Amino acid sequence: MVPEPGTAEQEVPAEQEDVHAASPEDVVAEREAAEPAAGSIKRVKSTGLAQGPGTPGIPKVDPILIVDNVTRNFGGVTAVDVNHLEIPRHAITALIGPNGAGKTTLFNLLCGFDKPNTGTWTYDGHSLAGVPSFKVARMGQVRTFQLTKALSLLSVLENMKLGAKNQRGESFWAALMPWTWKKQEIEITEKARDLLKRFKLDAKEQDFAASLSGGQRKLLDMARALMNDPNLVMLDEPMAGVNPALTQSLLDHVLDLKDRGMTVLFVEHDMHMVRHIADWVVVMAEGKIVAEGPPETVMEDQAVIDAYLGAHQDVDLGVVTGRIPTIDTKGSK
Ligand SMILES: Nc1ncnc2c1ncn2[C@@H]1O[C@H](COP(=O)(O)OP(=O)(O)OP(=O)(O)O)[C@@H](O)[C@H]1O
Ligand SMILES: [Mg+2]
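So the sequence shown is numbered by this note's numbering: it starts at 270 and just counts up by one.
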């Protein structure tokens, strides 16, 4: 019988039990004590990420995220059924697959926005099973959404400030004593302004988020995620619906995250983008990982071609890579 999501017993293999040694609170405290990583600007594709040729579930040299036996069922539909997956650290990994493959559902599970029926996963050696999304973010694993999540009737700057962690003024009593949080508020505002400048949204800081274009909202989502000094940034279709004029800018920002020492896992349908920026590609179809590898080889994989052909019988396979088509997902979630 399929256990109910949220009530399912999370089976922890004996060899993984030590990952519970440090609690999420310990990880958060450790991160807060540490200085943010300094940026180094050098754009090279990472190689030698996996311990062997690309096959589904292959071990990575230095994984930041390890997923084991994670499944999620919606009624009769198995949206996610990932046997084993490792995401390489300090690299850009693209998660691709046809519509409905389970990419967003996997993001939701890994970030604590949804609960799996079965499975375990660790971030930086710490089990995240049962850890709520806000703690996952504080531990350094942040995500953006396929549909942008700006608060429309707050200004761009206010939206940014919402992304900062441990804001002292948020408690009821502290709110009545502004002198206890004024300094922190100034620091947060400065950090938000620096990021808005980097993302070329500084001219819009006082505008309602509602007034931003789709592409600018994607930029705002990404910038806001960085308010939390993440180690792992998970982007769900950062380029979808973005005006081509902003595409290059978004691409550069994704590359920049890696330059600054972060790990990126992003979902994308445009194979041009994937080829251009991904160090490693993971392919999902019908909830499973069907292929993995460097972009130049994985796109030739028969399982990948089959996965896309199964979903889009009428597409021209010669469109972008010579094998895999660009899938138009405008209007999808
Ligand atoms: N809340 C839900 N309730 C029921 N079914 C769901 C729910 N969320 C996702 N599904 C189903 O799970 C499957 C995977 O969906 P998911 O959104 O994860 O796919 P995806 O790979 O992100 O697709 P896309 O590329 O279109 O964004 C689909 O069949 C979808 O209909
Ligand atoms: Mg999706």
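Ideal Cβ placement from N, Cα and C applies to all residues, glycine included.
Just so you know, these numbers come straight off a predicted model, no measurement behind them.
- Rounded to whole angstroms, residue 390 and residue 449 show a C-alpha spacing of 38 Å.
- Relative to the non-hydrogen atoms of ligand 1, the Cβ of residue 379 never comes closer than 8 Å to any of them.
- Rounded to whole angstroms, the separation of the alpha carbons of residue 323 and residue 314 is 16 Å.
- An exposed status is given to residue 446, since fewer than 16 other beta-carbon atoms sit within 10 Å of its beta-carbon.
- Residue 347 has its CB no nearer than 8 Å to any heavy atom of ligand 2.
- Listed as beta-bridge partners of residue 396 by DSSP are 391.
- Residue state for residue 532 is assigned as strand, using DSSP reduced to three classes.
- A distance criterion of 8 Å places the beta-carbon of residue 507 beyond contact range of ligand 1, judged by its closest non-hydrogen atom.
- Excluding its 5 nearest sequence neighbours in each direction, residue 543 has C-beta neighbours in its own chain below 7 Å: 363, 365, 537, 550 and 564, listed in chain order.
- Cβ-Cβ distances below 6 Å link residue 562 to 323 in the same chain, with the five nearest sequence neighbours on each side left out; the list follows chain order.
- The three-state reading of DSSP puts residue 470 in coil, since its state is none of H, G, I, E or B.
- CA-to-CA, the gap between residue 327 and residue 321 works out to about 7 Å.
- Cβ-Cβ distances below 6 Å link residue 329 to 318, 319, 355 and 357 in the same chain, with the five nearest sequence neighbours on each side left out; the list follows chain order.
- Comparing C-alpha distances from residue 402 to each of 553, 571 and 503 shows the shortest one belongs to 503.
- In this structure residue 513 is exposed. Its beta-carbon is surrounded by fewer than 16 other beta-carbon atoms within 10 angstroms.
- Out of 464, 493 and 553, the CA that lies nearest to the CA of residue 418 is found in 493.
- Here the C-alpha atom of residue 408 lies approximately 7 Å from the C-alpha atom of residue 293.
- Counting C-beta pairs with one atom in each stretch, the segment 419-427 and the segment 465-481 have three or more that are closer than 8 Å, which means they touch.
- Contact check for residue 464 and residue 496: beta-carbon distance about 7 Å, within the 8 Å limit, so the pair qualifies.
- Classified as buried, residue 393 has 16 or more neighbouring CB atoms from the shown chains inside 10 Å of its CB.
- With a cutoff of 8 Å, residue 344 counts as near ligand 1, since its C-beta is closer than that to a heavy atom of the ligand.
- It is roughly 15 Å from the alpha-carbon of residue 433 to the alpha-carbon of residue 420.
- Under a 10 Å Cβ-count criterion, residue 440 is classified as exposed, with fewer than 16 other Cβ atoms of the shown protein chains found around its own Cβ.
- Closest in C-alpha terms to residue 541, from the list 531, 530, 568 and 371, comes 568.
- By the beta-carbon neighbour count (other beta carbons within 10 angstroms, threshold 16), residue 455 is exposed.
- Collapsing the DSSP output to three states places residue 454 in a helix.
- Counting the other CB atoms within 10 Å of its CB gives residue 398 a total of 16 or more, which places it among the buried residues.
- Between residue 531 and residue 395, the C-beta spacing is not below 9 Å.
- Looking only at 298, 332 and 575, the smallest Cα-Cα distance to residue 435 is reached by 298.
- Rounded to whole angstroms, the gap between the alpha carbons of residue 556 and residue 452 is 47 Å.
- Within its own chain, the residues whose Cβ lies closer than 8 Å to the Cβ of residue 352, once the five positions on either side in sequence are excluded, are 325, 326, 337, 338, 557 and 558, listed in chain order.
- Using a cutoff of 8 Å, the CB of residue 366 counts as near ligand 1, since one of the ligand's heavy atoms is closer than that.
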